[in-house]
Amino acid sequence: MTPAEPRATTPEAVPETTPSQPMSTKTGATANGAASGNGRAGSSGPAREPWTNACHRARLHVVTGKGGTGKTTVAAALALTLATEGRRVLLVEVEERQGIARLFDVPPLPYEERKVAVATGGGEVRALCIDVEAALLEYFQIFYGLGFAGRSLKKMGAVEFATTLAPGLRDVLLTGKVKETVTRLGSDNKLVYDSVVMDAPPTGRVVTFLGVTGAMSDIARRGPIHSQAEGVVRLLHSADTIVHLVTLLEDMPVTETLEAIEHLRDADLPVGTIIVNAATVSRLPSASLKPASENRLDKSRLAAGLAQGGITADDAVLDGLAAQAAEHAIRVLDEADCREQLVATGLPILSLPRLVDGGDLGGVYELADRLAEQGVT
Amino acid sequence: MSKRVLDLGPILRDRKTRVVVTCGSGGVGKTTTAASMALWAADAGRKVAVLTIDPAKRLAQALGLEALDNDPRRVDVELADPKGELWAMMLDTARTFDEMVGAHSTPERAKAILANPFYKVISTSFSGTQEYMAMEKLSTLAATDQFDLIVVDTPPSRSALDFLDAPQRLSSFLDGRMIRLLSAPTRGVMKIVGAGFTLFSKAVTTVLGGQMLHDAAQFVQLFEDMFGGFRERAQHTYELLRAPGTAFVVVSICEADSLREASYFADRLRAERMPLAGLILNRTHPPLAKLPLPAAEVAQEKIERSAPLAAAVLGIHTDRLAVRAAELHMRARFDRVHTDLPVVEVAALASDAHDLPALREIGRRMTAA
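Shown next as structure tokens:
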């Protein structure tokens with residue numbers, strides 16, 4: 000196995016933090032509107048601080064979101080933010096997609112905790128991709144001394160069979176392993192991880208996933224897995240756990256987010272923040288949004304303005320620019336509607352900008368900085 | 000760019016095209032794309048059904064889909080060619096599975112299966128069931144010959160092409176070998192798998208409980224005679240997908256993760272010799288104004304104070320050029336790997352598409368090639 004020691008210490012893409020002027024080629028099109036205003040890292044701050052005391056207190060951060068909202072990237076950024084000032088954070092993946100490895104540009108993660116990144120100030124992020132089969136065999140080994148036979152059973156499909164038969168077993172195993180990492184003590188008798196960030200299943204499935212009690216009906220009433228599941232239930236409903244929902248400012252993800260919040264609240268699971276990802280920041284003054292969206296900008300005035308900048312624009316260019324402004328304004332107004340629905344939940348909202356080329360490690364660091372600017376610590 | 004262009008118009012209009020399947024990762028606009036293609040073909044005078052999986056609420060309403068009903072309904076829309084018809088349905092996975100069971104067994108046996116607690120697990124949460132049932136439904140609809148064209152949206156697969164793999168996985172799960180091993184390991188079997196299995200069997204029984212294994216064994220027994228039928232059916236669907244009247248269209252947005260998936264889909268479809276028509280590169284941002292970046296940047300800075308609105312409009316333009324440059328970069332990387340795959344770009348709408356005019360506009364952009 001290739002060593003997973005990363006080259007990801009200080010990627011060149013980490014920008015100088017310039018919250019008041021978020022335009023850089025890296026940030027590109029849009030910047031973080033709600034993000035850039037207030038927020039100093041670390042301060043307990045004013046009442047509207049999105050990173051609430053409950054968020055501060057929690058040690059297990061569950062990050063969920065509809066598919067395609069950038070849940071894994073945001074989870075990774077959150078882990079990096081939490082790892083500043085020399086802290087140690089574990090980033091856990093439970094869907095066996097190796098999204099973390101791709102993001103941090105390391106070889107596929109084995110069922111083992113590996114260092115993937117170093118945070119500003121010397122903290123570190125480790126990553127773990129939980130393999131359900133391996134987790135089940137680990138149990139069998141611990142509780143039944145069934146080590147050596149494991150591999151052949153796996154080959155026969157016996158483990159897959161058992162987890163298919165009882166999908167709840169799968170969730171119990173996954174959350175069980177997460178709980179183990181949250182509560183693990185080192186040889187110094189101190190917690191090994193300051194925080195654990197879980198890249199959880201998507202919003203549609205997250206309540207079932209975290210509602211371990213339901214899953215427990217799938218497994219026998221006694222035995223080690225059952226008692227562990229009880230421990231998981233206690234952890235998930237304690238102040239140690241908090242759930243964050245990643246969304247885009249678009250219809251489908253917002254609707255799913257609102258539904259998930261309701262279900263999480265019904266299940267008595269603690270919701271922390273809504274993390275808006277890929278938000279567009281208005282280039283236009285708010286009074287111009289509506290006219291721009293209806294393509295009613297005064298073109299002769301626009302032409303005059305451009306002329307001052309040395310551009311002689313013909314009608315085609317003017318129409319094109321106006322059409323682009325219209326699309327931008329419509330987008331901004333739609334996003335504002337979506338944001339309003341989120342605000343109505345009363346939950347604190349963190350906001351991340353859309354990155355032009357954000358699917359890489361530099362993007363994760365940039366988003367981590369943005370989170371820190373909004374008080375995440 | 001010397002790339003081949005995916006010309007969707009002739010494909011959708013061609014009477015020989017009977018099935019179009021869209022695939023791609025989640026959140027790339029697959030459902031909208033499928034609906035737009037269906038509307039376009041209906042406007043061209045064909046009788047089209049679109050089979051959607053999980054449409055956004057407003058899109059579902061636009062198609063007149065208020066609830067899952069598992070049968071296509073005619074969409075109330077005036078079409079460009081009055082001979083055309085547009086039908087739409089939303090897949091009900093569990094019900095499709097029920098219908099498949101009903102079609103392959105006696106009423107009593109079907110009743111016993113539907114009542115078994117495991118059936119619910121398998122018919123709703125076995126990974127790949129949704130994909131499998133989408134294809135099953137396609138197969139059923141195609142067999143009725145009621146439509147000229149069926150456009151199928153596939154679920155956002157967690158990995159790969161589950162609709163190709165699920166039938167095989169499900170039948171190997173249900174073929175009863177494992178359950179017999181677990182519930183009553185016999186001597187002959189033990190010789191093969193070794194003593195470790197007794198321990199494993201015990202462990203599984205402790206974890207899952209004996210009752211569960213008993214139910215499972217009963218369930219597998221009930222299913223046993225249906226396997227032949229299921230396999231045949233899956234084979235039939237597979238052949239339908241490979242037939243010349245089918246066209247697969249991969250949908251992606253211009254982002255690394257999504258294109259990686261698209262790449263995978265394309266390779267896999269080719270390996271299975273499925274008729275892959277090409278890639279729709281969805282929601283791109285070509286600039287609408289011809290104004291080079293350096294001039295725009297210089298001017299923007301110059302008029303920041305004197306003409307703030309014009310400066311803002313220039314800012315929108317330079318943002319757009321930056322986005323476009325990133326998109327072209329991603330696309331070039333993709334094209335290098337898939338040199339002969341036809342591609343069509345569909346520029347993003349300003350808003351989410353949730354009404355028929357928006358679907359028509361997408362259809363227009365999609366076929367403009």
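Top to bottom, those sequences are chains X and Y. Just so we're aligned, residue 0 is where the first sequence starts under numbering that gives the first Met the number 0, counting upward by one. Just so we're aligned, residue 0 is where the second sequence starts under numbering that gives the first Met the number 0, counting upward by one. C-beta: ideal position from N, C-alpha, C; glycine also.
- Following the DSSP letters along the chain, one finds residue 240/X inside the beta strand (DSSP E) bounded by residues 240-246.
- According to the DSSP assignment, residue 99/Y belongs to the alpha helix (DSSP H) that extends over 92-102.
- The C-beta separation of residue 374/X from residue 297/Y comes to about 37 Å, leaving the pair out of contact by the 8 Å criterion.
- Against residue 280/Y, chain X offers no close residue; the least beta-carbon distance is about 16 Å (beta-carbon pairs closer than 8 Å).
- Contact check for residue 298/X against residue 283/X fails: the beta carbons are separated by 8 Å or more.
- What residue 155/Y touches in chain X, judged by beta-carbon distance under 9 Å, is 66 and 67, going in chain order.
- In the three-state DSSP reduction, residue 60/X falls in the strand class (E or B).
- If you ignore the 5 residues before and after residue 180/X, its C-beta comes within less than 8 Å of the C-beta of 89, 91, 112, 127, 191, 192 and 195, all in its own chain and listed in chain order.
- In the DSSP assignment, residue 277/Y forms a beta bridge with 248/Y.
- Remark: fewer than three beta-carbon pairs, one from each stretch, lie closer than 8 Å, so the segment 357-369 of chain X and the segment 290-305 of chain X are not flagged as touching.
- Nearest to residue 289/Y by alpha-carbon distance, out of 319/Y, 327/Y and 308/Y, is 319/Y.
- Residues are counted here when their Cβ sits less than 8 Å from a Cβ of chain Y; for the segment 322-350 of chain X these are 322, 323, 324, 325, 326, 327, 329, 330 and 333, given in chain order.
- Under the three-state reduction of DSSP, residue 3/Y is assigned to coil, being neither helix nor strand.
- Following the DSSP letters along the chain, one finds residue 50/X in no beta strand (DSSP E), marked with neither H nor E.
- Residue contact with chain X for residue 315/Y: present (Cβ-Cβ distance below 8 Å to some residue of chain X).
- The closest CA to that of residue 344/X, considering only 262/X, 98/X, 325/X and 236/X, is found on 262/X.
- The closest CA to that of residue 201/X, considering only 53/X, 61/X, 355/X and 334/X, is found on 61/X.
- Between residue 148/Y and residue 17/Y, the C-beta gap is smaller than 8 Å, which places the two residues in contact.
- Listed as beta-bridge partners of residue 46/Y by DSSP are 84/Y.
- About 18 Å separates the beta carbon of residue 165/Y from that of residue 227/Y, a gap too long to meet the 8 Å contact definition.
- Among the residues facing chain X, residue 338/Y is not included, as its CB has no counterpart in that chain under 8 Å away.
- One finds 351 in chain Y with Cβ atoms closer than 8 Å to the Cβ of residue 249/X, taken in chain order.
- Residue 125/Y is positioned such that its CB atom lies no closer than 8 Å to that of residue 218/Y.
- If you check the CB distance, residue 284/Y and residue 357/Y do not come in under 8 Å.
- If you draw a straight line from the Cα of residue 66/X to the Cα of residue 204/X, it is about 11 Å long.
- Straight across, the Cα-Cα distance linking residue 333/X with residue 49/Y is about 28 Å.
- Short of 7 Å from the beta carbon of residue 137/X, and not among the five residues preceding or following it, lies no beta carbon of its own chain.
- For the pair residue 55/X and residue 3/Y, the Cα-to-Cα distance works out to about 54 Å.
- Residue pairing by DSSP places residue 194/X opposite 88/X in a beta bridge.
- For residue 19/Y, there is no enclosing alpha helix (DSSP H); the residue is part of the beta strand (DSSP E) that begins and ends at 18-22.
- If you look at residue 114/X, you'll find it in the beta strand (DSSP E) that goes 113-117.
- Neighbours of residue 150/Y in chain X, taken as residues at a C-beta separation under 8 Å, are lacking, since the least C-beta distance is about 20 Å.
- Residue contact with chain X for residue 57/Y: present (Cβ-Cβ distance below 8 Å to some residue of chain X).
- Selection 268/Y, 146/Y and 59/Y evaluated against residue 246/Y yields 268/Y as nearest (Cα-Cα).
- Chain Y places a beta carbon closer than 8 Å to that of residue 310/X, counting this residue as a contact.
- Residue environment analysis places residue 54/Y among the buried positions, since at least 16 neighbouring C-beta atoms fall within 10 angstroms of its C-beta.
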